[in-house]
Structures are given as structure tokens and as C-alpha cells.
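Report on one structure; see the data block that follows.
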Amino acid sequence: MTKKPSDLPEIEAKWRRFWLESGTYRYDATRPRSETFVVDTPPPTVSGSLHIGHVFSFTHTDLITRYKRMTGLNVFYPMGWDDNGLPTERRVQNVFNVRCDPSLPYVADLSLEWGREGETMPVSRTNFIELCDQVVQEDEKKFQELFQQLALSVDWNETYATIDERSRYVSQLSFLHLLEKGLAELRDAPTMWDVDFQTAVAQAEVEDRDRDGTFYKIRFGVEGGGDFLIATTRPELLPACIGVTAHPDDKRYRDLIGKNAITPLFGAPVPIIADEAADPEKGTGILMICTFGDAQDVEWWRQLAVPAREVIARDGTIKPATWGDEPWASIDPGTAQTHHDKLTGLSINQARKSIVQMLDDAGATEGEPEKIRRPVKFFEKGDRPLEFVVSRQWFIPVMDKKKELIDQGRKITWHPDMFRKRYEDWVEGLNQDWCVSRQRYFGVPIPVWYEIAADGTIDYDSILVPAKESLPVDPFEQAPPGYTEDQRGKPGGFTGDPDVFDTWATSALTPIITSGWPDDTERHDRLYPTSLRPNAHEIIRTWDFVTITRSLLEDGTIPWTDVAISGWVLDPDRKKMSKSKGNVVLPTDILDEFGSDAVRYWSASARLGVDTAFDAGVLREGKRLVTKIRNASRLILGYEGEPGEIQHPLDVSFVARLRRVVDEVTEQWQDWNHAGALSTTESWFWNDLTDNYLELSKARAYAGDPSALSTLLRSLNIVLRLFAPILPYVTEEVWNTGRDEPMSIHTSRWPTIDELPDVEDDGSFMVAVEVLSAIRRTKSEAKVSIKFPVDRLSITGPSGKIELLRSVLDDVVATGNVENTEIVGSEDNEDLSVDVTLSSGEKTA
RNA sequence: GGGCGGUUAGCUCAGUGGAAGAGCACUGCGCUUACAACGCAGGGGUCGGCGGUUCGAACCCGUCACCGCCCACCA
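Going by my numbering, the first residue of the first sequence is number 1450, and it counts up by one from there.
What follows is the structure in C-alpha cells.
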């Protein structure tokens, strides 16, 4: 070992290679379930790059995993890549400047066709998917390298991607099971819709963002005379108005209930109904029901049981008025049509301006528009507010499963427990079933076809499913059983479902993607349910929720016994680090600058579930610890002589303290408290071992005292293992110092107190430390060096302590460079009184 | 609006009924044959406020304030 830290990269590379080549972290498929610990690793989204939060939370997983491995468990620690989905599509569009046009034919060599400079090139669905595959493979390689540098003890033979064949097979098969059990339904209904991505989205992908809006007061007429004002932020939905509602107790509007209102501009008679969901405090207390402004509108629309008048098209523009036989149920259809024509084709924002102008011109607005700030629903990856659009989508019903889902959550142990509450809150707050179909391309195809009736219409009730043996299938490319490709799209033939699953519908199955489900029953029984699901808290409502859901629906199981939640990495201003804020710390930078062990030390310092401010000081501390471990090891391993029985009172006392530390640290690991385990280990290492014992034992150790040598070697051996889950590189390096054949510390057994003599601490070590500290303090105050001789050391104290001191006095004297001692027992005071007289010979400057 | 966390030294954080802690930063001393990318010693806090329980409260209870996160039907 050299002392230059610049050799860290070589040390890391050496052991990284060794671990891979010798299969240190390989899962042993022959060992029984009872000896196995299974990690359901979060597959990171493969788009762009890994960030510091990944390093943080993946290290937490690895800490637990390494500890479990050292307790003798057979660890199954796979790695998945979540490449399936929208983020990859978006990257491919940007990188290659293409867009997917499913109507185009496949082109074998796309480069021949490569588009004109600067122009977006339309490509077939298959070509598009090939480009996606290409992009993710490059990223997966980079991710793997980073994770290996971080020393994740993953079994790299066990990897998968959420778009690979195995994942598509599991995803489709599991869906077909749900379909068979009636737990997947095709519905033609209003669904939350992103107008830019032009896809349905699920509740879990929706977030509220505060946005400025304008409240317009609009005058409605009443059939038979009269009028009233409604307030709305969405006047462009006026042509979609199908009703008006107020609270039944609201005296202002009680007389209107049961009558018809007449909408301005469009003259549509619409019913005025009473509903307790109407809030008298908001706006004017009476509001219009439109198809569709929000989820409440969908509810009311169902109650009213009238045809929808959808005005928002899938691309976010205003549709022509095409509902019903007559374009307008209106007292003045011509005027209504004229007004609507002015809106048709406009974007939502343009339509809003336009209709406000028309309302103003018609004198149908009242007062000044009022600015308000209110929450608006967005797709989490989207830029424009979500709309409700009627479309045909696949749903997995969850609204009627809330109780079971909460019960399942309670069978799982959450670390820390408060996140179980967050999961339960999410389940209780569900307000719609889980929409799993997406109008995208790079995903797992929905494995169904629909019959085409003789009249050429698609019969969505006649669903054709593939044989299990043919999975995975692409219904866009393959024909259903009993049909041939030339019947595609023809009367009496079939059409493939054009959609793909939401990426969560596949990630929900990670525990069974890796387990061999359902065909390899032997493997599955050994790997499922899994032991640990680690993830950060923002995806409790997505990944954790969907995984629990799918396990419940598939076979009533829980997917894991424990969930470990990591916090976020915040910048010093306590904001979440993110690219857009420009405050990111790149993982590769800190790994290179401080070394992997130091980065892991920083992660390990944070408890589960706690958001942590990024602090380079902790990284420096970690690096300092690594250096210290190497230096202390060099001293200990450099002593010459044969170790023997531990019998010197100082050694016995010191070893007895180490026994307590081993127990305490073990208990902390068992409690999922890696931060506490680190802190306990580190303070023993730093205070007991290096600051004091290494100094006190030096004289005897240099003289080859068997008791001291044995104490030193066994302590080092144990403390290396206590540090091993956190600092895999430096512990491996020291562990193998002097070995001809490397033998990994990471497959060694976790230390137990049985390895040390069964001794009690009589306190002599701490007495020695107390006296040594007094000597050091005196020298420090006298501004002399630590080796300056002490002429006389006078100590009085209770006889018990004095006895202890006498037993270890040789070490104290040698360490303090003491020439004369005067030790007196006295029962006058309970504490030792230490008087240090330095030699008169002046220190020479 | 509802829920969950948090508030301890200048900074980052431990500590959950029994004499206020660590690391960093700061001050002083010291190149000591493991370590100057270091060591030794030291200064620094009425534990967010106010009530209460208790022999005793940073810790338990109540209440308020502030910070953060999650959720909520966008009129």
C-alpha cells in the first residue's frame, strides 16, 4: 500500500474487475428460499443521465444488500433498465430529428432515406422503435459503468430492460390474465388527455401546478324569463355547456332549479339542477357543466345522461360542432353555428380570447374580469393543461379495491413507517381507475385485436387474444389466431389495438420479470415475493402503488416484505436538485474527485427517508476516513511478532468495549439504520482505536507483545467487516493485504462477539485514556510537542480506579513519555486527580 | 382546505425521560518513525415560542409560528 490517494482509481478498478471475474455477487440458484434475500431494484429511466439522487438511493439499497449478504444470505440483486416509454421517444425525436408515423412502411436501411437537412423525417413505427432501441443501449452501457464504479453489488448476469422480450412477455401475459378475470376493461369514456403528446394519462402521472387564470362573469338567460351570472375561467367551453348547477340550499338560485337556462351566444337550453357539489362560496355560486372541464363535469354529465358536446379535439384545438343529428339544440341554431365557426380550429387560448370578445360584443359579460391563481392539472411531463377527452382506453379497475390495497400495504414493512401513511393517503385519494393504455409507440403493445364487422365497423366487444405461446406479440405486425395478415383492416377481418401500455403497467411487474414467472416455478418460488423494494418517496404513488396493485390482482400476494424509502438530495438552499435549476452535481465528478467509498460514505450518513442537503464537507470526511483506515491498517499490519492470548488488562478492557460495539452496530443494521451503524462504527474506530488504543499499545506492539498484536489484528479484522457494506473498496484492499490469493471481504461473514474472548470491561481502558488526555492537555497548554517528557505524573483517586490505573500504567507511561510516577489511593474524591509536571529542560524551539 | 415531516453550535446533522453531542468551519499548539490530504487541545448552543405533565423535559401532552413535502372537484 502506498499512501498517495491518487492510487484510489487503480485500487477501485482492480477490485471492480476482481468482483466481476470471480462472481463475488452472483446469485446462487441452488440455495433455498429461506436463505435468500431478493432485491426488487428500481429500474432507472434510461433517458439522459443519472443524477446525484440515483447515486444516493442506489447506495442505500447496496448498503442493505451488502449487510444481508454478509449475514450469510444468498442475495439476488438484479438490475433493470426502464427504457420503455415517453422519455425515450422524446429523446429519439430530438437526437434523430424524426417523428413516428405509423402509416408508413418499414424501411430496412433508414440511412438511405435520411431526411433533408433540418427537416423532421417521418418514419414507420418499426423504424422508430429500432431507433429507440439504439439510443437506450448506449445509455444502459453508461449507466452500468457508473453503477459499477459506485460498487453496487449487483449480479450483472441478472439484468433486464422493460422493453426487452422477457418484459414484453410478462407484461402481456399478466394483462391477459387480468382480461380473463374481468379485471381489465375497454372503456369509451372521457379520460385525462395531454394535447401535446396526444395520449391518455393516468392519475398517478398528473400533478397540480398553480397557474394564473381569469374569472369571467357571464350572463345566462332563463327559459320563460330572467337571467343569472355564472363565473368561469374557461369561457371557451361555453359551446360544450350541457347544464347549470347550484347548491340546493342556495336561496339565490332555488327558484331556478328545474328550469332551463339559455346559454349566451349559442342559445342552447340546458337544465338547471341542484347539486351539493356546487360550492356557494366559489364564483357566483352557480356554474356551468361542460363536456368536459374537469372530473366533476364528467360526474355531472353522467347524472344528466345527455349526449356529450365535445369541443376540444385531441390536438387541443376547437372541434367543429358535429354532435347529434342537428348541430345545435338552440333557440337560434344559425347564430349558434356562426359563433362556433369563429372558434373552430383555434387553440384553447385563442378560443378563449375570441369567445370573450364575442360575449363582450353581445353584452353577455358582467363587470371586470378577475385575476385568480388556482391549481391546474398537468401531465407531469407536459406543458399544457390536461383536457378531458372521450376516447377508447384500457382500464384496470382500482376504485373498488381501495380497502384491499391498503390492507396489502399494511402487510409490508415500510422504512421509515411514515411512508406507509403516504401510500395509504394516495390509495384513499384515488378518484379514477387506472388507465393503462397510451397512444404511443415505444412500449409494450397491448396484445389484443378487434373483429371488424361485415359493415366495416370495428366491433370492440369482439376482442381477439393471442395464444400464450405466441407472446410477446405486436398486434400491429401479427395477425390474431385464426386470421391471416391479408384480413387486416377488412370487413370480416380484424384490426390490431394500436396502443401500448403505460410504462408503469410493465414496471409494476419487476418482481416477476426477474423471478421467471410463471413458467419457471422453481425459480419463481425462490424469488417471489421479494424481500426489498427500495425507492425514493416521489414514486410511492406510482411504482409502489402499481406494483402492489398488480400483485394483488394477479394472485393476491404482496410483492415485497419491506420497502426502504430514500429521501431527496437537496441543494444548500433546500431545493430539490434539478437540471433546470442549474444546481446539479454530476455523479461522475464527485466519484472521481473523492473516490467511490467517500461518495458512499456521504450517502450512508443519511438515514432512510430523510431529505439531505448536498454537503461536500461530508464527502471530504469520507475521504479522510478512507485514508485513516489505510494508515491505521498499515501500522497494525506492519508490526512484527506472533499474536497470542489477549491478556493485558488494557487489551481485555479494549476488546470488551469492541464486543459491545459489534452488538450495537449489528442491532442498528437489523433496524435498517445504516446511518447509525456507520456513526457507531466510525466513532469507535476513530476514538477508541486510532486516537487512543493505537497510541497506548505502541510500545508493546513494537516490542512484539503477543497480547497487543492479537488485539490489534483482531480489532482490525472486525472493524473492516463492520465498514465493509459502506466502504467496499478500502476494506477489500486492506482485507487482502498480504494474501496471495484474493478472498473477498464481501463474502466473509458479519462479525459476532463470539469471535472475541468472553470478557467484561473493567474500565481500565477508559482510565488510561483519561490520564493520557490529561497529559496531552498539559503539553498542549504548555505549547510543547506531544513527545515532550513528563518529569512526574502524580495521581490521586479512589482505590478502585487507582488499581485499574496501575494495571495499565506501563502503557500510559510509555505513551506519555513519563519519567516518574506517584500514584496514591485516596477516598477523598470520586474522580482521579491528575497532576502532570513537565521536565524543566526547556523545549527547544 | 386535508395529511405527513422538520425546527438542536456559524453550516450539515445525530440524540426521543436522567449532567447538551459529532463532523465541518473557527482559535491555539505540534512535522509525534501509521497518518500535515495529519495529530493534540480549546472556544462556541436559555435544543423555534408559550403553556402543561414529571423529582427531573431537547425528548411526553397541548397550542402557536415558520420551513418543506404529499394530497385535494381547474366554477
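Even for Gly, the Cβ is constructed at its ideal location relative to N, Cα and C. Being a predicted model, the structure only gives us computed values, none of them experimental.
For secondary structure counted as the alpha helix (DSSP H) over 4 or more consecutive residues, the segment 1452-1481 holds these complete runs in sequence order: 1457-1471. Excluding five sequence positions before and after Glu1819, the CB atoms of its chain that fall closer than 6 Å to its own CB belong to Phe1664, given in chain order.
Rounded to the nearest whole angstrom, the CA to CA distance from Asp1969 to Arg1615 is 13 Å. Between the alpha carbons of Ile2167 and Leu2107 lies a distance of about 9 Å. For His1864, the enclosing beta strand (DSSP E) stretches over residues 1862-1864. Only buried fits Asn1533, as 16 or more other CB atoms lie within 10 angstroms of its CB. In chain order, Arg1548 place their CB closer than 7 Å to the CB of Gln1542, counting only its own chain and leaving out the 5 sequence neighbours on each side.
In the three-state reduction of the DSSP assignment, Ile2014 falls in the strand class, which pools E and B. The alpha carbon of Glu2219 has as its nearest neighbour, out of Tyr2142, Asn2269, His1626, Met2192, the alpha carbon of Tyr2142. Remark: C-beta atoms of Gln1652 and Gln1881 approach each other more closely than 7 Å. Leaving aside the five residues that flank Tyr1909 on each side, the residues in its chain whose CB is nearer than 8 Å to its CB run, in chain order, Leu1635, Asp1637, Arg1841, Tyr1899. Contact between the segment 1927-1940 and the segment 1818-1836 is absent, with fewer than three C-beta pairs closer than 8 Å.
Every alpha helix (DSSP H) stretch that sits fully inside the segment 1924-2005 and reaches 4 residues is listed by chain position as 1952-1956, 1959-1962, 1970-1976, 1994-2004.
For Ala1695, the pairing in a beta bridge is given by DSSP as Ala1723, Ile1735.
Counting along the chain, no alpha helix (DSSP H) covers Asn1709; the unbroken beta strand (DSSP E) around it starts and ends at 1709-1711.
Around Val1584, the same chain offers Thr1537, Arg1540, Val1541, Val1544 as residues with beta carbons nearer than 7 Å, after the five sequence neighbours per side are excluded. Between Val1719 and Gly1692, the beta carbon gap of about 5 Å places them in contact (Cβ cut-off 8 Å).
In this structure, His1509 and Ser2015 form a Cβ contact; the two beta carbons are roughly 5 Å apart against a cut-off of 8 Å. Gly1567 counts as exposed, since fewer than 16 other C-beta atoms from the protein chains shown sit within 10 angstroms of its C-beta. Excluding the 5 residues flanking it on each side, Ser1623 has same chain C-beta neighbours closer than 8 Å at Leu1958, Ile1961, Arg1999, Glu2003, in chain order. The shortest CA-to-CA distance from Ile1578 to any of Leu2165, Gly1892, Ala1903 is the one to Gly1892. The three-state secondary structure of Ser2282, taken from DSSP, is strand.
If you draw a 10 Å sphere on the C-beta of Pro1940, you find fewer than 16 other C-beta atoms in it, and that means exposed. According to the DSSP assignment, Glu1538 belongs to the alpha helix (DSSP H) that extends over 1535-1545. A straight-line Cα-Cα distance of about 21 Å links Glu1484 and Lys1860. For Asn2166, the enclosing alpha helix (DSSP H) begins and ends at 2155-2172.
Three or more Cβ pairs drawn from the segment 2227-2239 and the segment 2280-2288 lie within less than 8 Å of each other, which places the two stretches in contact. In the three-state DSSP reduction, Tyr1526 falls in the coil class, being neither helix nor strand. Comparing alpha-carbon positions, the option among Arg2083, Arg2109, Ile1711, Leu2084 lying closest to Gly1673 turns out to be Ile1711.
In the DSSP assignment, Lys1820 falls within the unbroken beta strand (DSSP E) covering 1819-1828. A contact is defined here as three or more CB-CB pairs under 8 Å, and the segment 2244-2251 meets this definition with respect to the segment 2265-2282. Taking all protein chains shown into account, Ile2175 has 16 or more neighbouring C-beta atoms within 10 Å of its C-beta and is therefore buried.
Around the beta carbon of Glu2181, 16 or more other beta carbons lie within 10 angstroms, which makes this residue buried. Non-local C-beta neighbours of Ser1803 in its own chain, meaning closer than 7 Å and more than five positions away in sequence, comprise Lys1791, Leu1792, Leu1795, ordered along the chain. With a cut-off of 8 Å on Cβ pairs, the segment 1970-1977 is not in contact with the segment 1941-1950, counting fewer than three such pairs.
Straight-line spacing of the CA atoms in Ala2081 and Ala2263 works out to 19 Å.
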